[in-house]
Amino acid sequence: MKLRAQLWLVGTASAALGVLAVVANATSDHGQLRGLNTALGTLIGAAFVVTGLYAWSRRPENRVGKLMVATGAAWALSGLSQANAPLLFSIGLLLSPLYIVFVTWLVFVFPDGRVESRLARWLLIAGFVDVFVIYGVAVLLDIDTSYINGRVPDNVFAVAHAPGVANIFGNTSAGIGAVIVAGIVVLAVRRRRTASAVVRHAGGPVLSTGLVCLTAVSISLAVGSSGVSDLAHGIVSSVALLAFLALPFAYLIGLLRTHYARAGAISGILGALSDRAALRDALAEALGDPTLRLVYSSGGRWLDRDGHAVELPQRGVTRVEREGECIGAILHDPALDDDPQLVEAVAAAAALALENERLEAELRARVAELQESRSKLIEVSMAERRSLERDLHDGAQQRLVALSVQVGLAKRRLHSDPAGAEELLDRAGGELKLALEELRELARGIHPAILTDRGLSPALQALIDRVPLEVDLADAPSERLPAPVEAAAYFVVAESLTNVAKYAKAGHAYVSVQRRNGHAIVEVRDDGVGGADPQAGTGLRGLAERLTIIDGRLDVVSPPGHGTTVRAEIPCA
Amino acid sequence: MATTVLIVDDHPSFRSVARMLLETEGYEVIGEAPDGEAALTLAAELRPDVVLLDLGLPGIDGFEVARRLPAGPAIVLVSSRDARDIGPLSEPVKGFIAKGDLSGDALREVLA
Chain A
1 MKLRAQLWLV
11 GTASAALGVL
21 AVVANATSDH
31 GQLRGLNTAL
41 GTLIGAAFVV
51 TGLYAWSRRP
61 ENRVGKLMVA
71 TGAAWALSGL
81 SQANAPLLFS
91 IGLLLSPLYI
101 VFVTWLVFVF
111 PDGRVESRLA
121 RWLLIAGFVD
131 VFVIYGVAVL
141 LDIDTSYING
151 RVPDNVFAVA
161 HAPGVANIFG
171 NTSAGIGAVI
181 VAGIVVLAVR
191 RRRTASAVVR
201 HAGGPVLSTG
211 LVCLTAVSIS
221 LAVGSSGVSD
231 LAHGIVSSVA
241 LLAFLALPFA
251 YLIGLLRTHY
261 ARAGAISGIL
271 GALSDRAALR
281 DALAEALGDP
291 TLRLVYSSGG
301 RWLDRDGHAV
311 ELPQRGVTRV
321 EREGECIGAI
331 LHDPALDDDP
341 QLVEAVAAAA
351 ALALENERLE
361 AELRARVAEL
371 QESRSKLIEV
381 SMAERRSLER
391 DLHDGAQQRL
401 VALSVQVGLA
411 KRRLHSDPAG
421 AEELLDRAGG
431 ELKLALEELR
441 ELARGIHPAI
451 LTDRGLSPAL
461 QALIDRVPLE
471 VDLADAPSER
481 LPAPVEAAAY
491 FVVAESLTNV
501 AKYAKAGHAY
511 VSVQRRNGHA
521 IVEVRDDGVG
531 GADPQAGTGL
541 RGLAERLTII
551 DGRLDVVSPP
561 GHGTTVRAEI
571 PCA
Chain B
1 MATTVLIVDD
11 HPSFRSVARM
21 LLETEGYEVI
31 GEAPDGEAAL
41 TLAAELRPDV
51 VLLDLGLPGI
61 DGFEVARRLP
71 AGPAIVLVSS
81 RDARDIGPLS
91 EPVKGFIAKG
101 DLSGDALREV
111 LA
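Chains as they are written, first to last, in my numbering: chain A, 1 to 573; chain B, 1 to 112.
Dropping the structure here:
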């Protein structure tokens with residue numbers, strides 16, 4: 001059922017019930033101060049129902065509105081106890097304490113409508129059990145109504161006439177009710193103390209009035225059940241009634257205060273921004289939420305003011321749009337989710353300033369990225385130098401050392417053992433060839449000359465020719481690309497093919513380099529065993545780092561048993 | 001009686017030429033070790049007069065092996081780098097020879 005229909009239905013039913021209660025009060029043969037009771041009863045019931053319907057329409061997901069209507073309706077039901085007709089009188093008698101449970105529930109959950117405390121939930125359930133079971137038994141046993149003056153109708157729900165026992169149940173019910181309400185008061189005070197500034201501010205008038213009301217109700221029930229003093233009972237009951245009457249008006253005062261606060265918040269923000277105050281502080285003050293944070297939307301990410309990436313929480317997020325584009329978000333106390341118009345109005349007032357801060361945050365993020373890539377550049381370069389030194393030391397240098405020793409030894413043996421010297425020189429020649437080949441390989445690894453001289457396509461072909469593997473060069477740009485792009489693409493293919501040859505157990509590999517949408521897309525695919533972990537070795541990780549320096553990226557897809565695909569995207573205007 | 005030598009180096013080509021060279025020059029090479037762990041075991045077992053110890057070993061490096069070797073043999077460090085890359089030496093290392101300069105005379109000079 002749509003909200004509007006629900007509100008109409010509930011409103012009409014409550015009005016009908018209210019009319020019935022008014023008639024019952026006005027025509028009562030056993031009621032006292034009929035005029036005053038009728039007027040007061042009508043005012044209380046109508047105030048709760050009308051205010052509740054308004055709250056329900058504004059925040060359908062918040063239980064506060066429904067609870068206010070329920071309290072008003074339960075109050076009207078209790079008014080039926082003034083009826084002359086036995087059935088209506090009995091219904092009113094049976095349900096007369098119900099409104100106390102609803103108002104207790106209402107005060108505890110105000111303003112967010114939630115019962116997060118398990119103890120409070122059990123206390124509220126116990127309240128219903130107390131009314132419907134313990135007090136219900138008292139009514140079934142024909143609870144004593146002799147204290148009411150005038151002609152009291154028969155209790156049609158009475159299954160036995162045992163007023164003595166019934167009164168024990170009645171007093172027990174009132175005593176339990178007093179304890180439950182007192183418990184809820186304690187929990188509500190504690191909840192209010194630990195609540196955020198936003199909740200405390202929003203719930204101010206209702207919580208204060210409600211706590212006075214519940215405290216008085218608890219004392220009234222306790223005093224009533226003990227029967228110690230009619231005067232004391234009368235005083236606390238009056239206080240409870242007055243506070244109860246004031247509750248819906250307290251809600252309206254709170255609402256008015258919020259409206260004024262909203263107008264004040266927006267003008268406050270505009271004023272603060274013209275003073276070039278920090279936007280966050282202005283918003284925090286306007287919304288009464290010192291924990292408020294701002295984040296900015298940038299390229300599908302959320303950034304904080306310093307340009308660091310942040311994750312959005314599940315609740316307490318209001319997105320800010322400007323000209324149809326999401327430019328940022330306000331992260332606030334989840335309690336403000338109950339008043340989205342307030343946050344949105346404030347956000348709209350601040351959108352322009354937020355846009356400026358977003359640009360600043362983007363700039364900071366870019367600077368941070370540049371600093372990071374500069375550090376990475378140094379790291380990568382240092383790692384390459386270390387690797388080069390290691391390769392030289394372990395390769396050509398060792399061979400040249402051995403060569404030097406062999407030549408020295410051969411020289412010494414030249415006359416005494418010419419055949420031995422010749423053998424040593426043969427070995428030295430072999431070492432020399434190997435050393436030369438290793439130096440050439442190393443030079444190619446540093447930067448292949450063919451890449452500089454003739455471009456990417458011939459360099460890739462030469463690379464593929466040296467790999468001990470069947471490789472197809474499917475695509476490669478015929479034109480020259482910027483030198484850093486050619487170098488990056490070449491080393492992606494070189495490193496990938498080295499890995500294929502070393503680890504993939506592949507029969508075939510496929511290489512392609514295409515220009516697409518301002519990028520060079522490099523792809524190396526094989527039909528090997530897959531299961532490659534790009535984080536495990538230094539090669540692919542180093543490559544990925546080199547690519548991030550030039551705003552590129554590297555993806556490795558390598559499901560076990562289904563080959564490996566290395567794909568690099570390198571910006572190439 | 002010839003001076004006994006244990007050669008410790010991870011490059012087989014160097015171990016091979018060093019053995020040939022030293023044996024030609026009158027030394028007795030009684031063992032070869034490819035890394036620090038093997039060097040410690042063999043040194044304790046063979047009790048050589050000299051341990052020719054490469055600096056750049058995989059795992060435990062030459063300096064650490066020198067520190068852990070049992071007292072007795074003269075420890076001579078070797079490296080494909082030259083003395084300028086090595087820095088000052090301290091006990092128990094007896095001296096340093098660049099691999100390219102290795103000869104019987106060079107070893108004798110260090111041991112003297």
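All residues carry an ideal CB built from backbone N, CA and C; glycine is no exception. Because the structure is a prediction, the values reported are computed rather than measured.
Give me the chain A residues within the contact set of T24 of chain B, using Cβ-Cβ distance strictly less than 8 Å, ordered along the chain.
By Cβ distance, chain A contributes L409, R412, R413.
Cβ neighbours of I30 of chain B in the same chain (closer than 8 Å, five flanking residues each side left out):
Residues of the same chain with a CB within less than 8 Å of the CB of I30 of chain B, apart from the 5 flanking positions on each side, are T4, V5, L6, L46, P48 in chain order.
Rounded to the nearest angstrom, how far is the Cβ of P477 of chain A from that of R515 of chain A, given a contact under 8 Å?
Beta-carbon to beta-carbon, P477 of chain A and R515 of chain A are separated by about 6 Å, close enough to satisfy the 8 Å threshold.
In three-state terms, what does DSSP make of T498 of chain A?
In the structure shown, T498 of chain A sits in a helix (DSSP, three-state: H, G or I).
Any C-beta of chain B sitting closer than 8 Å to the C-beta of R399 of chain A?
So, interface residue.
Any idea if R15 of chain B is buried or exposed, counting beta-carbon neighbours within 10 angstroms, 16 or more meaning buried?
Burial is judged here by how many other beta carbons sit within 10 angstroms of a residue's own beta carbon; R15 of chain B has at least 16 and is buried.
Within chain B, partners of A402 of chain A - CB distance below 7 Å
Residues of chain B passing the Cβ test: S13, F14, V17.
Output the distance between the C-alpha atoms of E389 of chain A and L432 of chain A, rounded to the nearest integer angstrom.
Whole-angstrom Cα-Cα distance: 19 Å.
T42 of chain A versus F169 of chain A - alpha carbon distance:
When rounded, the distance between both Cα atoms is 30 Å.
So, L287 of chain A versus L336 of chain A, is the Cβ gap smaller than 8 Å?
Yes. Within cutoff.
Please say whether E523 of chain A and R567 of chain A have beta carbons closer to each other than 8 Å?
Contact check for R567 of chain A against E523 of chain A passes: the beta carbons are separated by less than 8 Å.
For a test of the three-state rule: what should DSSP assign to I30 of chain B, helix, strand or coil?
In the three-state reduction of the DSSP assignment, I30 of chain B falls in the strand class.
Residues of its chain near G518 of chain A, where Cβ-Cβ distance is below 7 Å and the 5 sequence neighbours each way are ignored
In its chain, beyond the 5 residues on either side, P571, C572, A573 have a beta carbon closer than 7 Å to the beta carbon of G518 of chain A.
Is there at least one Cβ from chain A nearer than 8 Å to A106 of chain B's Cβ?
For A106 of chain B, the answer is no, since every Cβ of chain A falls outside 8 Å of its Cβ.
How about L69 of chain B: is its C-beta nearer than 8 Å to some C-beta of chain A?
So no, L69 of chain B is outside the interface.
Helix, strand or coil: how does DSSP classify K66 of chain A here?
DSSP places K66 of chain A in helix when its eight states are reduced to three.
Cβ atoms of P534 of chain A and A544 of chain A: under 8 Å apart, would you say?
Less than 8 Å separates the beta-carbon of A544 of chain A from that of P534 of chain A.
For K94 of chain B, report the span of its beta strand (DSSP E) as first-last.
Taken as a continuous stretch (DSSP letters only), the beta strand (DSSP E) holding K94 of chain B covers 93-98.
Taking Cβ positions, are V320 of chain A and V310 of chain A nearer each other than 8 Å?
Result no, Cβ atoms of V320 of chain A and V310 of chain A do not sit closer than 8 Å.
Indicate whether at least one CB of chain A lies closer than 8 Å to the CB of G95 of chain B.
Residue-level contact check: G95 of chain B does not touch chain A, since none of the beta carbons of chain A fall below 8 Å from its beta carbon.
Among A:V317, A:S381, A:A350, A:M1, the one whose alpha carbon lies nearest that of P340 of chain A
Out of A:V317, A:S381, A:A350, A:M1, A:V317 has the C-alpha closest to the C-alpha of P340 of chain A.
When you compare only the Cα positions, how much space is there between G72 of chain A and G18 of chain A?
A straight line joining the alpha-carbon of G72 of chain A with that of G18 of chain A spans about 9 Å.
Quick check for students: name the residue ranges of the beta strand (DSSP E) that lie wholly in the stretch 362-412 of chain A, counting only runs of 3 or more.
Fully enclosed beta strand (DSSP E) runs of 3 or longer: not present.
Using DSSP's beta-bridge definition, name the partner residues of T564 of chain A.
Note: T564 of chain A is not bridge-paired with any residue in the DSSP secondary-structure output.
Q6 of chain A versus L53 of chain A - alpha carbon distance
Distance between the alpha carbons of Q6 of chain A and L53 of chain A: 10 Å.
Count the CB pairs spanning the stretch 108-127 of chain A and the stretch 76-83 of chain A that are closer than 8 Å, and state whether there are at least three.
Taking 8 Å as the limit for Cβ pairs, the verdict is that the stretch 76-83 of chain A does not touch the stretch 108-127 of chain A.
Considering only their Cβ atoms, is the gap separating A178 of chain A from A222 of chain A smaller than 8 Å?
Contact flag set, yes.
Under 8 Å between the Cβ atoms of P73 of chain B and V51 of chain B?
A contact, by the Cβ cut-off of 8 Å.
Cα-Cα separation between V529 of chain A and G430 of chain A, rounded to whole angstroms:
Distance between the alpha carbons of V529 of chain A and G430 of chain A: 37 Å.
Through-space distance from V407 of chain A to E470 of chain A, alpha-carbon basis
Cα to Cα, the separation comes out at about 41 Å.
What does G56 of chain B touch in chain A if you count any residue whose Cβ is under 7 Å from its own?
Neighbours of G56 of chain B across chain A, judged by C-beta separation under 7 Å: H393.
Residues bridged to I521 of chain A [DSSP beta-bridge criterion]
Residue pairing by DSSP puts I521 of chain A in a beta bridge opposite A:Q514, A:E569.
Which term fits I125 of chain A, buried or exposed, when burial requires 16 or more other beta carbons within 10 angstroms of its beta carbon?
Exposed: under 16 other Cβ atoms inside 10 Å.
If distances are taken between C-alpha atoms only, which option among B:S13, B:H11, B:M20, B:V8 comes closest to L409 of chain A?
Residue B:M20 is the option with its Cα nearest to L409 of chain A.
The stretch 139-146 of chain A in contact with the stretch 115-123 of chain A per 3-pair CB rule at 8 Å
The stretch 139-146 of chain A makes no contact with the stretch 115-123 of chain A; the number of CB pairs closer than 8 Å stays below 3.
Would you mind working out which of A:A488, A:I44, A:L463 sits nearest A240 of chain A, comparing C-alpha positions?
Comparing Cα positions, the closest option is A:I44.
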